[in-house]
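Protein chains in written order, with the numbering used here: chain S, 1 to 336; chain Y, 1 to 99.
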């Protein structure tokens with residue numbers, strides 16, 4: 001499987017600088033890059049110094065809306081050219097979105113296309129945040145909020161220039177996405193391994209789960225956050241959850257929350273298979289199939305679901321699970 | 001029949017009104033039916049009579065619908081109360097992410 005990282009971030013937040021540093025790193029030379037520019041043709045293309053053959057530029061518009069089909073076709077074409085030997089045998093792909101893009105539809109393309117899923121695996125989402133302008137950007141542009149909320153890694157750029165603002169920005173980022181690991185980069189310098197090692201479910205080892213869920217080992221839930229209408233909270237369930245309850249719950253969640261459910265990830269104790277935790281992960285209404293781990297990361301076998309959403313109330317989600325569980329229990333009791 | 005389920009469904013519907021930003025009240029009538037009253041709607045949620053292939057009956061005025069589960073009840077109630085509601089179907093990606 002070829003890992004694909006999605007690099008997002010608002011206009012001028014340092015995506016291209018970061019990508020340039022990544023591609024100059026000897027360990028990451030074999031990286032194919034898909035760049036999308038909105039309005040300014042080829043600017044980023046010229047700025048990034050890398051192997052031209054592995055570069056693809058989408059110029060038909062913003063990746064987040066009109067060109068999702070283009071993205072799938074571009075990826076298929078890139079794989080065909082790799083197989084034919086007309087491009088170097090790249091080992092990973094980076095997709096740089098436009099600064100105005102909502103990354104969710106891009107993730108849906110990567111998650112949902114059956115043909116691509118045979119060969120490509122979503123490594124995760126990296127969002128760059130400009131330390132100088134980041135706070136103001138988050139206040140003014142909803143796209144930037146979504147970029148941060150959907151990220152697995154947040155790279156704070158230009159941190160050498162703006163130490164004073166760091167604390168306020170850090171608090172805001174914690175409110176938006178407490179589960180994302182945060183790194184600082186000066187002139188794009190960050191360990192490139194962090195861009196392709198984001199611990200998505202199937203590559204997780206049990207011991208990495210707490211970090212993926214944003215749990216620090218001292219608390220049951222990530223620091224609950226709230227920013228405007230975006231909130232992050234954790235649902236804990238002491239008792240194992242029946243598989244049918246989880247299915248009905250996820251269906252109802254997708255049905256009623258749709259695009260407002262920015263992200264749901266968690267570890268679930270399935271009643272029918274209690275020794276092997278199921279890891280679930282979804283973006284809006286699109287979910288990966290559960291990944292079954294070999295064992296629990298610790299003695300704690302409670303189910304933990306971390307939800308990042310817009311206008312989604314924790315109490316409603318708790319009530320939804322309670323009602324579904326009560327109905328499944330009643331049906332089981334009648335049938336027994 | 002489980003009182004626990006009836007209470008859970010009532011709690012879910014009460015939270016749902018808030019989540020959907022619908023102004024209204026819910027009360028349980030003597031026969032166990034839940035009456036959801038908004039400014040211009042009366043929606044009733046009750047257990048379906050025995051012998052029907054449904055567990056629940058949702059009545060929006062003269063319009064009656066059956067539901068096989070609480071998630072079906074939720075869908076019918078929201079459709080009745082929230083004219084802007086468009087349901088979204090869950091999609092499962094074909095393969096797990098396996099870098």
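Built from N, CA and C at the ideal position, the CB exists for glycine as well.
Going by the DSSP bridge assignment, what does residue 184 of chain S pair with across the sheet? DSSP output for residue 184 of chain S lists S:156 as bridge partner(s).
Does the stretch 237 to 244 of chain S come close enough to the stretch 262 to 282 of chain S that 3 or more CB-CB pairs lie under 8 Å? Contact between the stretch 262 to 282 of chain S and the stretch 237 to 244 of chain S is present, because at least three Cβ pairs lie under 8 Å.
If contact is defined by three or more beta carbon pairs under 8 Å, each pair taking one atom from either stretch, is the stretch 1 to 16 of chain Y in contact with the stretch 307 to 322 of chain S? Taking a cut-off of 8 Å for Cβ pairs, the stretch 307 to 322 of chain S and the stretch 1 to 16 of chain Y touch, as three or more such pairs fall below it.
Quick check: the Cα distance between residue 65 of chain Y and residue 42 of chain Y, rounded to an integer number of angstroms? Approximately 14 Å, taken between the alpha carbons.
Based on Cα-Cα distance, which residue from S:312, S:256 and S:277 lies nearest to residue 296 of chain S? Checking every option, the nearest Cα to that of residue 296 of chain S belongs to S:277.
According to DSSP, is residue 87 of chain Y part of a helix, a strand, or is it coil? Residue 87 of chain Y falls in the coil class under three-state DSSP.
In whole angstroms, what separates the C-alpha of residue 39 of chain Y from that of residue 263 of chain S? For residue 39 of chain Y and residue 263 of chain S, the distance between alpha carbons rounds to 34 Å.
Does the beta-carbon of residue 324 of chain S have 16 or more other beta-carbons within 10 angstroms, so that it is buried, or is it exposed? That one is buried.
Inter-residue Cα distance where the pair is residue 31 of chain Y and residue 282 of chain S: Residue 31 of chain Y and residue 282 of chain S have their alpha carbons spaced roughly 41 Å apart.
So, is residue 190 of chain S buried or exposed, given that buried needs 16 or more other C-beta atoms within 10 angstroms? So residue 190 of chain S counts as buried.
Check the Cβ-Cβ distances between residue 15 of chain Y and every residue of chain S, and say whether any is below 8 Å. Output row for residue 15 of chain Y: interface = yes.
If we call anything under 8 Å between Cβ atoms a contact, is residue 99 of chain S one with residue 9 of chain S? In this structure, residue 99 of chain S lies near residue 9 of chain S, with their beta-carbon atoms less than 8 Å apart.
Classification of residue 118 of chain S by the beta-carbon crowding that lies within 10 angstroms, buried from 16 upward: The C-beta of residue 118 of chain S has fewer than 16 other C-beta atoms within 10 Å across all chains shown, which makes the residue exposed.
Determine, using beta carbons only, whether residue 4 of chain Y comes closer than 8 Å to chain S. With 8 Å as the cut-off, residue 4 of chain Y counts as an interface residue toward chain S.
Name, please, each residue of chain Y whose Cβ falls closer than 7 Å to the Cβ of residue 76 of chain S. Per Cβ cutoff of 7 Å: no residues; residue 76 of chain S is ~15 Å from chain Y at best.
Give me the chain Y residues within the contact set of residue 25 of chain S, using Cβ-Cβ distance strictly less than 7 Å, ordered along the chain. Neighbours of residue 25 of chain S in chain Y, taken as residues at a C-beta separation under 7 Å, are lacking, since the least C-beta distance is about 18 Å.
Is the Cβ-Cβ distance between residue 81 of chain Y and residue 20 of chain Y less than 8 Å? Cβ distance < 8 Å, so residue 81 of chain Y and residue 20 of chain Y count as in contact.
Cβ closer than 8 Å: which chain Y residues qualify as neighbours of residue 322 of chain S? 8, 11 and 12, listed in chain order.
Cβ of residue 287 of chain S within 8 Å of any chain Y Cβ: So yes, residue 287 of chain S belongs to the interface.
Quick check on DSSP: helix, strand or coil for residue 139 of chain S? Residue state for residue 139 of chain S is assigned as helix, using DSSP reduced to three classes.
For the beta strand (DSSP E) containing residue 281 of chain S, list its first residue and its last residue. Residue 281 of chain S -> beta strand (DSSP E) spans 278 to 283.
Can we count residue 184 of chain S as close to the ligand GDP, meaning its CB is less than 7 Å from some heavy atom? What this structure holds is no ligand at all, so the ligand GDP is not there to describe.
Check distances from the C-beta atoms of the stretch 69 to 83 of chain Y to those of chain S and list, in chain order, the residues that come in under 8 Å. Going along the stretch 69 to 83 of chain Y in chain order, one finds 69, 70, 71, 74, 75 and 78 with a Cβ nearer than 8 Å to chain S.
Measure from the C-beta of residue 90 of chain Y to each C-beta in chain S and report whether the shortest distance is under 8 Å. Yes - at least one Cβ of chain S is within 8 Å of the one on residue 90 of chain Y.
With 16 other CB atoms within 10 Å as the buried threshold, where does residue 299 of chain S fall? Per the 10 Å Cβ criterion, exposed.
Within a Cβ cutoff of 6 Å, which residues of the same chain sit near residue 14 of chain S, ignoring the five residues on either side of it in sequence? Closer than 6 Å at Cβ, skipping near neighbours: 128 and 157.
On the DSSP bridge list, what partners appear for residue 60 of chain Y? Assignment of beta-bridge partners to residue 60 of chain Y by DSSP yields Y:43 and Y:63.
From what residue to what residue does the beta strand (DSSP E) around residue 233 of chain S run? Residue 233 of chain S -> beta strand (DSSP E) spans 230 to 237.
Could you tell me the boundaries of the alpha helix (DSSP H) in which residue 103 of chain S lies? From DSSP, the alpha helix (DSSP H) with residue 103 of chain S extends over 103 to 112.
May I ask you to report which of helix, strand or coil DSSP gives residue 10 of chain S? Residue 10 of chain S falls in the coil class under three-state DSSP.
Which of helix, strand or coil DSSP assigns to residue 90 of chain S: Residue 90 of chain S: coil per DSSP, three-state reduction.
Residue from S:102, S:235 and S:78 with nearest C-alpha to residue 372 of chain S: No statement about residue 372 of chain S is possible, as the shown extent of chain S runs from 1 to 336 and does not include it.
Under 8 Å by Cβ, that's how I've got residue 7 of chain S and residue 94 of chain S pegged, so tell me the actual separation to the nearest angstrom. Contact between residue 7 of chain S and residue 94 of chain S holds: their C-beta atoms lie close to 6 Å from each other, under 8 Å.
Using a Cβ cut-off of 9 Å, pull out every chain S residue sitting near residue 50 of chain Y, in sequence order please. Neighbours of residue 50 of chain Y on chain S: none; closest Cβ ~12 Å, over 9 Å.
Between the C-alpha atoms of residue 65 of chain S and residue 108 of chain S, what's the straight-line distance to the nearest angstrom? Caution applies to residue 65 of chain S, whose pLDDT of 42 falls short of 50 and renders its modelled position unreliable; the model cannot decide the point.
With DSSP as the reference, please indicate the residues paired to residue 5 of chain S in a beta bridge. BP columns for residue 5 of chain S point to S:94 and S:124.
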